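Enquirer: Pasting in a structure now, in C-alpha cells, and then I'll have a few things to ask.
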Amino acid sequence: MSEITDGILQAVHLIVTLDPEVMQIAALSLFISLMATIIAALISIPLASLIHFSDFYGKRAVIIIIQTLYSVPTVVVGLVIYLLISRSGPFGFLGLLFTPEGMILGQTVLIIPIMTGLIISALNGVDRGISDTLIALGATGPQKILEILKEARYAILSAVVLGFGRAIAEVGVAMIIGGNIRGDTRVLTTAITLQTGMGGFGLSIALGIILLSVALIVVVALNLITYSLSRDAQWIMGGTRG
Amino acid sequence: MIRIERLTRKIGTIETLHEISLDIRKGEVFTFIGPSGSGKTTLIRLIDLLDSPTSGSIFFDGQDTSTSESGRLVIRRRMGMVFQKPSVLSTTVANNVAFGLKFRGVDRTQIREKVRSALDLVGLAGFEDRRASTLSGGEMQRVALARAMVTEPEVLLLDEPTANLDPVSAELIEDLILRINKKFRTTIVMSTHDMIQGQRLADRIGVIMDGSLVQTGTASEIFYQPRGRDIARFVGIDAITGGVVTENAGGHVSIRVEEVYFEAMTDLGKGRKVTLYIRPEEISLTPAAAVPIKSSVRNQIHGRIRKMVPFGPFVRVSVDCGFLLTTLITRRSCTELGLDVGTEVVAGIKATAIHVLPDEGMKTLS
Chain A
62 MSEITDGILQ
72 AVHLIVTLDP
82 EVMQIAALSL
92 FISLMATIIA
102 ALISIPLASL
112 IHFSDFYGKR
122 AVIIIIQTLY
132 SVPTVVVGLV
142 IYLLISRSGP
152 FGFLGLLFTP
162 EGMILGQTVL
172 IIPIMTGLII
182 SALNGVDRGI
192 SDTLIALGAT
202 GPQKILEILK
212 EARYAILSAV
222 VLGFGRAIAE
232 VGVAMIIGGN
242 IRGDTRVLTT
252 AITLQTGMGG
262 FGLSIALGII
272 LLSVALIVVV
282 ALNLITYSLS
292 RDAQWIMGGT
302 RG
Chain B
53 MIRIERLTRK
63 IGTIETLHEI
73 SLDIRKGEVF
83 TFIGPSGSGK
93 TTLIRLIDLL
103 DSPTSGSIFF
113 DGQDTSTSES
123 GRLVIRRRMG
133 MVFQKPSVLS
143 TTVANNVAFG
153 LKFRGVDRTQ
163 IREKVRSALD
173 LVGLAGFEDR
183 RASTLSGGEM
193 QRVALARAMV
203 TEPEVLLLDE
213 PTANLDPVSA
223 ELIEDLILRI
233 NKKFRTTIVM
243 STHDMIQGQR
253 LADRIGVIMD
263 GSLVQTGTAS
273 EIFYQPRGRD
283 IARFVGIDAI
293 TGGVVTENAG
303 GHVSIRVEEV
313 YFEAMTDLGK
323 GRKVTLYIRP
333 EEISLTPAAA
343 VPIKSSVRNQ
353 IHGRIRKMVP
363 FGPFVRVSVD
373 CGFLLTTLIT
383 RRSCTELGLD
393 VGTEVVAGIK
403 ATAIHVLPDE
413 GMKTLS
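Chains as they are written, first to last, in the working numbering: chain A, 62 to 303; chain B, 53 to 418.
Listed below in C-alpha cells is the structure:
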C-alpha cells in the first residue's frame with residue numbers, strides 16, 4: 062500500500078519541481094496523442110458523415126465492421142503498422158519506425174474506427190424531423206449536413222474525447238512503433254511499463270497521475286471549444302446562452 | 053398556383069396515394085381532411101418536394117417540379133412548411149427562425165430585422181434569446197410558423213399544425229393562419245383530421261380517404277352534400293339507407309323508408325333506391341304530446357328516444373323511427389323539453405335539409 066501513497070507524494074514532487082525528464086515525457090505523450098486525435102477527427106467526421114448521409118448497398122455491413130474494429134488490440138495495430146513501416150516493409154522508405162511521427166500514425170489508425178463509429182451514432186441520434194425541417198427551410202445538401210453536425214456537437218465531442226483517451230492510454234503502438242527510446246519516443250505509458258518492470262512502483266504511480274492530469278487538461282479544453290462553437294451560433298442576436 | 057396531375061405514390065407494393073388530381077388556387081386556403089393514415093402527410097410532403105411521386109406531376113406556378121435537385125430547391129425555397137411535430141434545433145429562438153434566411157445568404161442586419169418582425173407576427177416578440185428547446189409545444193409551433201414565414205413564401209404548407217396542441221394554442225395557430233392568408237395573400241395548403249377546423253379555416257376542402265381524393269368543394273358542400281357514405285360518416289352524418297323514391301314532381305320528391313315518408317329535393321326518378329343524409333343538428337325534436345298541429349316543417353316523423361350520449365355542450369339523441377335517426381340537441385333544450393330515453397318525440401326536418409344520394413349498396417366508396 063505504501064507504494065501508492067509514495068507514488069502520490071512523488072507525483073506531487075515531480076509536478077511541483079517540474080522535473081525535466083518527466084515534463085519532456087508528458088509533453089511528448091500529449092503531443093503525440095493530441096496530434097493523433099486531431100488527425101483522426103479530421104478524417105472521422107467527414108467519413109462518418111459520408112457513411113451516415115449516403116445510402117448504399119452494404120451500409121449496415123460497413124458499420125458492423127467499424128464497430129468490430131473498436132476491439133482491435135493496440136499491439137495488433139502496432140504490429141501491422143510496424144510491418145508496414147519497418148525498413149523492409151512497403152513504406153520503409155519513409156523512415157517512420159521509432160519516431161514520434163510513426164507513433165502518431167499508429168494511434169490515428171487505432172482510434173479512427175471508434176471515433177467514426179461513435180460519430181455515426183451521434184448523427185443517428187439527431188431527430189429525423191430536424192433533417193426534414195432543414196430541407197423544407199431551403200437548405201442545400203451541404204448546409205443541411207453542417208447544421209446536423211452542429212446539432213450533434215456534444216455527442217461528437219464525446220466521440221473525440223473517447224478517441225483521445227484511447228490514444229493517450231495505449232501502450233501497444235507506443236511500445237512497438239516507438240520503441241520506448243529515452244528522450245526520443247518514451248511516453249508516459251511506456252515509461253510506466255518500464256518503471257514497473259524495474260520495481261519503481263512509486264514513480265509508476267506518479268506517472269499515472271500525471272497522465273490523468275494531462276487528460277483532464279485536454280478534456281476541459283475540448284469542452285470549452287465545443288461550448289464556444291455553440292456560442293458561435295449566437296451571432297444573430299448577440300445573445301447569451303440561456 | 054399548384055396543379056397536381058394524377059399523382060400516385062407507392063411504397064413497395066402499397067399505394068399510399070392514388071391518382072390525385074387537383075388545382076390549388078393562388079391566395080386560397082385549401083385544406084385536406086381525412087382520417088389519420090389516409091395519405092394527407094404523404095401528399096403535403098410531395099407538394100413541398102420533400103419526396104418524389106411514383107407517377108404523376110406537380111406544377112408549381114405553371115412550372116413542372118420533376119426537374120433536377122437544384123431546380124427543386126429553387127421551387128422549394130418559394131414555399132414554407134410547418135410539420136405536425138415541431139422540430140426546433142438546439143439553439144436560440146432567433147437562430148431557429150433565421151435558418152431559412154441564412155440558407156438563402158441574406159445578410160446579418162436584414163436577418164435580424166426580419167426575424168424580429170416574424171416573431172412579432174406570431175406573438176413571440178422578446179423571445180429571441182430564449183433556448184428554443186425550453187418552449188412549450190404551442191410556442192414551438194409558433195416558432196415553426198415564424199420560421200416558415202420569415203422567408204415570405206408564396207405558399208405555406210401546414211401538416212396537421214394543431215394536432216398535438218391544447219385547444220387554446222390550437223386556436224392561436226388557427227388565427228395566425230387566417231391572418232397570414234389575409235395580410236400577405238399567402239396561398240395556404242393544410243391538412244387536418246379535425247373537420248371542424250377544416251370548416252373554420254378553409255376556402256375549399258379536399259377529402260382524402262384511403263389515398264384517394266374523394267371529394268373537393270367548399271365547406272358547406274362537403275358538410276351538407278357529402279358524396280358518399282364514408283365521407284358522410286367522417287363529417288358526422290349517419291346515413292339512412294333503404295329509401296325508395298315513390299314520386300317525383302319536378303325535383304320535389306317523396307321517399308319511403310320503412311313505413312315513413314320523407315319529402316325532399318332531388319332529381320333522382322321514381323323507383324330509385326336512395327340513401328338519405330341529414331345533418332344531426334338540422335333535426336329538431338319535440339315531445340309528441342306538445343307538437344303544434346300546423347307547422348311549416350314538411351317532415352314530422354314520430355319515434356321514441358333510444359339512446360342519449362353527452363357530446364360537449366350537446367347531446368346526441370338516437371331516435372327509433374323504424375330506422376335510427378341521429379340528432380344533436382343542446383343540453384339546455386334537452387332539459388327544457390324534458391327529453392329522456394323512452395320519450396315519444398316528433399322529429400322535424402326541412403325538405404331542403406335532406407341530402408339524397410343513389411344507394412351505394414354494400415360497397416363503401418364509389
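Every residue, glycine too, gets a C-beta built ideally from N, C-alpha and C. The structure displayed is predicted, hence computed values, not measured ones.
1) Comparing alpha-carbon positions, which option in B:Leu328, B:Gly302, B:Gly321 lies nearest B:Phe314?
2) Which residues bound the beta strand (DSSP E) around B:Arg160?
3) Measure the Cβ-Cβ separation of B:Ile257 and B:Ala271 and say whether it is below 7 Å.
4) Could you spell out where the beta strand (DSSP E) holding B:Gly258 opens and where it closes?
5) Taking C-beta to C-beta, are A:Val221 and A:Val280 nearer than 7 Å?
6) Buried or exposed for B:Gly178, going by 16 or more other Cβ atoms inside 10 Å?
7) Ignoring anything shorter than 3 residues, give me the beta strand (DSSP E) runs that lie fully in the segment 258-336 of chain B, in order along the chain.
8) If we cut at 7 Å on Cβ distances, does A:Gln204 have a partner in chain B?
9) Determine the DSSP secondary structure at B:Lys359, reduced to helix, strand or coil.
10) Between the segment 166-182 of chain B and the segment 114-130 of chain B, can you find at least three pairs of beta-carbon atoms closer than 8 Å?
11) How is the alpha helix (DSSP H) around B:Ala150 delimited, first residue to last?
12) Residues in the same chain with beta-carbon distance under 7 Å from A:Met96, minus the five sequence neighbours each way, listed in chain order, please.
13) Tell me, please, whether the CB atom of A:Leu198 is closer than 7 Å to any CB atom in chain B?
14) Look up B:Gly400 in the DSSP assignment and give the residues it is bridged to.
15) Express the C-alpha separation of A:Ile191 and B:Thr395 in angstroms, rounding to a whole number.
16) So is A:Asp80 in contact with chain B if we call contact Cβ pairs under 7 Å?
17) Just to confirm, is the Cβ distance from B:Ser385 to B:Thr378 under 7 Å?
18) Does the CB of B:Arg130 have a neighbour CB from chain A at under 7 Å?
19) Taking 7 Å as the limit between beta carbons, can you name the residues of its chain near A:Thr135, skipping five residues before and five after?
20) Can at least three beta-carbon pairs, one atom from the segment 210-218 of chain A and one from the segment 211-224 of chain B, be found at a separation below 8 Å?
21) Measure from the C-beta of B:Ser243 to each C-beta in chain A and report whether the shortest distance is under 7 Å.
22) Find out if the Cβ-Cβ distance for the pair B:Ser169, B:Gly190 is shorter than 7 Å.
23) Could you work out which residues of chain A lie near B:Met133, taking near to mean beta carbons separated by less than 7 Å?
24) In whole angstroms, give me the CA-to-CA distance for B:Ala198 and B:Pro205.
25) Go through its chain and collect everything with a Cβ distance to B:Lys78's Cβ below 7 Å, but skip five positions before and after it.
26) Can you name the start and end residues of the beta strand (DSSP E) that B:Gly132 belongs to?
27) Under the rule that 16 or more other beta-carbon atoms within 10 Å means buried, what is A:Ser115, buried or exposed?
28) Going straight from the alpha carbon of B:Ile56 to that of B:Asp255, what length do you get?
29) For B:Leu417, count neighbouring Cβ atoms within 10 angstroms of its own Cβ and tell me buried if that reaches 16, exposed if not.
30) Out of B:Val309, B:Phe366, B:Ile274, which one is the CA nearest neighbour of B:Thr387?
31) Pull the bridge partners of A:Lys120 from the DSSP assignment, please.
32) Compute the Euclidean distance between the alpha carbons of A:Pro81 and A:Val123, then round it to the nearest angstrom.
33) With a 10 Å radius around its C-beta and 16 neighbouring C-beta atoms as the bar for buried, classify A:Val73 as buried or exposed.
34) Out of B:Pro105, B:Val145, B:Leu391, point me to the one whose CA is closest to B:Arg58's CA.
35) Should B:Asp211 be labelled buried (16 or more other beta-carbon atoms within 10 Å of its own) or exposed?
Expert: Per the coordinate set shown:
1) Sorting B:Leu328, B:Gly302, B:Gly321 by C-alpha distance to the C-alpha of B:Phe314 places B:Leu328 at the top.
2) Here B:Arg160 belongs to no beta strand (DSSP E); instead the alpha helix (DSSP H) covers 160-173.
3) Against a cut-off of 7 Å, the Cβ pair of B:Ala271 and B:Ile257 comes out as a contact.
4) From DSSP, the beta strand (DSSP E) with B:Gly258 extends over 256-261.
5) No, they are not a contact pair.
6) Answer is exposed; the Cβ neighbour count stays below 16.
7) Those beta strand (DSSP E) runs which fall completely within the segment 258-336 of chain B and span 3+ residues are 264-269, 291-301, 304-309, 312-317, 325-330.
8) Closer than 7 Å to some Cβ of chain B, the Cβ of A:Gln204 qualifies, so yes.
9) Three-state DSSP puts B:Lys359 in a strand.
10) Short answer: they don't touch.
11) Judged by DSSP secondary structure, B:Ala150 falls within the alpha helix (DSSP H) whose first and last residues are 145-155.
12) The beta carbon of A:Met96 lies closer than 7 Å to those of Ile165 in the same chain, with the five residues before and after it left out.
13) Interface residue, yes.
14) B:Ser336, B:Gln352, per the DSSP bridge assignment.
15) Those two C-alpha atoms are separated by around 57 Å.
16) No Cβ of chain B is located within less than 7 Å of the beta carbon of A:Asp80.
17) It is not a contact, given that the beta carbons lie outside the stated cut-off.
18) Judged by the 7 Å Cβ criterion, B:Arg130 is not in contact with chain A.
19) If we look at A:Thr135 and ignore the five residues flanking it on each side, its Cβ neighbours are Leu171, Glu231, Val232, Gly233, Val234.
20) As far as the Cβ criterion goes, the segment 210-218 of chain A does not touch the segment 211-224 of chain B, which means the pair count is below three.
21) Taking CB atoms only, B:Ser243 has no neighbour in chain A less than 7 Å away.
22) Cβ atoms of B:Ser169 and B:Gly190: not closer than 7 Å.
23) Residues of chain A passing the Cβ test: Ala197.
24) Approximately 11 Å between the Cα atoms of the pair.
25) Sequence-distant Cβ neighbours of B:Lys78 in its own chain, meaning closer than 7 Å and more than five residues away, are Met53, Thr239.
26) Start and end: 131-134.
27) A:Ser115 comes out exposed.
28) The straight-line gap from Cα to Cα measures roughly 18 Å.
29) Bear in mind that a pLDDT of 45 at B:Leu417, under 50, signals an unreliable position, so the model cannot answer this.
30) With distances taken between CA atoms, B:Thr387 lies nearest to B:Phe366 out of B:Val309, B:Phe366, B:Ile274.
31) Looking at the DSSP assignment, A:Lys120 forms no beta bridge with any residue, so it has no partner.
32) Their Cα atoms are separated by approximately 46 Å.
33) Answer is exposed; the Cβ neighbour count stays below 16.
34) Among B:Pro105, B:Val145, B:Leu391, the Cα nearest to that of B:Arg58 is on B:Pro105.
35) Result: buried.
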